[in-house]
Amino acid sequence: MKLPISTKGIKFDKSNSNLYLILIVSVVVTIFSLTSTKALLDQASYQRRVINARQATVKQLRANLQDAKSLAEQYTIFNGGTTNVIGGKNSNDPNVLPPDGDNARIILNALPSNYDFPALISSMAKILADDQIGSPSVGGNDQSAQIDSGSQTDTSPTAIPLTIGGTSDYSSIQKLVRDLERSTRPFDITSLQLRGSNDNMTLSLEMNTYFQLAKKLNLSDQEVK
Amino acid sequence: MARAQFNLLPDSKYEQLRIEKSQRTLKGLSIFISIGAVTLFVFFFLATNVLQKKQLSDSDKDIKSLYSELQNVENLNKMLTVQNQLGSLVDLHRSKHISSRLFAYLPDLTPTNVSIGRVGLDFITNLMTIDGTADSQKTVNVFVDTLKFTTFNAGEQVNDQQAFRSVVQSNFSVGSGNVSYSLNLTFDPLLFSNNILDSSGKQIVPSLKVPKLTTTRSVLADPANVLFNGQTNQDKPSGGQ
């Protein structure tokens, strides 16, 4: 007995199922590809920002390297010669006393790169003694505990307030004030009091001097968002 | 003359062919879209995971190499510090006050018969206080007028500007043979500034123009006639004005 099945219908169904399979696979592949492409685009965009930041860093480092080489040449010239900027003998011997010494040392004496209050007091006492100031007094607030040179990163000048007092004649006091002004280390007098006669005068000064932390080569991390 | 054409296919066959053609088009289109999407995916996969990774790796190597090269420059930190300090020193010296100019100004301003017992300068408030003695109140008045009408020049920017914006005799007392006085002055900060430069960058020192109301100590130049005599009105009963 012959079954009433049309071979055309079977062929048609096979062809349809083949079409459905291809369509399903295509849709799956397309959706997967497009979703993955979207994720890759996000990743590429982020990586592009990182690459740009790194390329900017490379460019900056190349410029810095060029500047460093140029600075080294200028530093050699600056520190060279037979006399230094204040007219003393140019010497890199650490034991020579001012005005001798190399220019770098003079600059670092003028604006020290660390906070050394006891050394400052000693320097002031020596200046007062050299100018024959009697009953000298040097005062200030030692902020060594608050100022931790190692942890600070600000490399702008920091004021150190000082008070100075003493007794002398008028000309010695004039000499002291002029010596402070001529000093390579900046002393900014903010208040001055003179009392007494030309022969016996009492001086009281309030002033600021400064230190500035050392500059260090520092490569830091930056987050790219 | 047009040839006659006959459709010899039966309708069912024709319909089947049309369906098959549509199916082929649909298959082709879906395969084409899939291949396009896969190509796009492969392109971005390669760009992200091969090309960009290589760029990242190269730039990282460059950074490490250049930083290492920079660190190897001898004394770089010291040179940077000296350069930084040098830049700041110029500004610090320029911004400081030249208080020693007081020693030049006082003899120019102080009449011969006026002595000073105490002088104070405050550069934050720009106030000056002068205490002392004189032979008469008239001389003190001349001193006050001299201060009031004194002007100064400081290069092209400042021409005949008033040196003391206010002059107040805050205290006086009359004693036997002399009078004591106290003056409070507000001075122009440029008088003690270290930062007045001309067009060529050369430093300018302000010069006072003192009115010739009386003979001042700078004119007299008598070493015996001392500027500071140590007397103020604090030792005497005082009045105010």
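Residue numbers (this note's numbering), protein chains in the order written: chain A, -13 to 211; chain B, 363 to 603.
Every residue, glycine too, gets a C-beta built ideally from N, C-alpha and C.
- Going by DSSP, A145/A is part of no alpha helix (DSSP H) but of the beta strand (DSSP E) stretching over 144 to 154.
- With respect to V502/B, Y543/B sits close: the two C-beta atoms are nearer than 7 Å.
- The three-state secondary structure of Y196/A, taken from DSSP, is strand.
- Here the alpha carbons of I133/A and G151/A stand approximately 26 Å from one another.
- Listed as beta-bridge partners of A516/B by DSSP are E518/B, V520/B.
- In the DSSP assignment, S419/B falls within the alpha helix (DSSP H) that extends over 414 to 433.
- For the region 428 to 447 of chain B, the set of positions with a beta-carbon nearer than 9 Å to some beta-carbon of chain A reads L428, Y429, E431, L432, Q433, V435, E436, N437, L438, N439, K440, M441, L442, T443, V444, Q445, N446, Q447 in chain order.
- In this chain, Y543/B is not harboured by any alpha helix (DSSP H); it is covered by the beta strand (DSSP E) spanning 541 to 549.
- Exclusion of the five residues before and after H459/B leaves F485, F554 as the residues of its chain whose Cβ lies within less than 6 Å of its Cβ.
- For K574/B, the closest C-alpha among the options K564/B, V504/B, G517/B, V444/B is that of V504/B.
- The C-beta distance from T170/A to I72/A rounds to 6 Å, short enough to fall under 8 Å.
- For Q499/B, the three-state secondary structure derived from DSSP is helix.
- A residue is called buried once 16 or more other Cβ atoms fall within 10 Å of its Cβ, and N50/A is buried on that count.
- Residues of the region 447 to 461 of chain B with a C-beta less than 9 Å from any C-beta of chain A: Q447, L448, S450, L451, D453, L454, H455, S457, K458, H459, I460, S461, listed in chain order.
- Counting along the chain, the unbroken beta strand (DSSP E) around T176/A starts and ends at 174 to 182.
- Of all residues in the region 39 to 54 of chain A, those with a C-beta nearer than 8 Å to a C-beta of chain B are R40, Q41, T43, V44, L47, R48, N50, L51, A54, reading in chain order.
- Taking a beta-carbon distance threshold of 7 Å, L83/A does not count as an interface residue toward chain B.
- A straight line joining the alpha-carbon of L114/A with that of A131/A spans about 27 Å.
- In the DSSP assignment, K440/B falls within the unbroken alpha helix (DSSP H) covering 438 to 457.
- Taking each of I8/A, Q179/A, L148/A, D165/A in turn and checking the Cα distance to D117/A, the smallest one comes out for D165/A.
- Nearest Cα to N475/B within the set G563/B, G539/B, V400/B: G539/B.
- The C-beta separation of V572/B from L471/B comes to about 6 Å, placing the pair in contact by the 8 Å criterion.
- In the structure shown, N65/A falls within a coil segment according to DSSP collapsed to helix, strand and coil.
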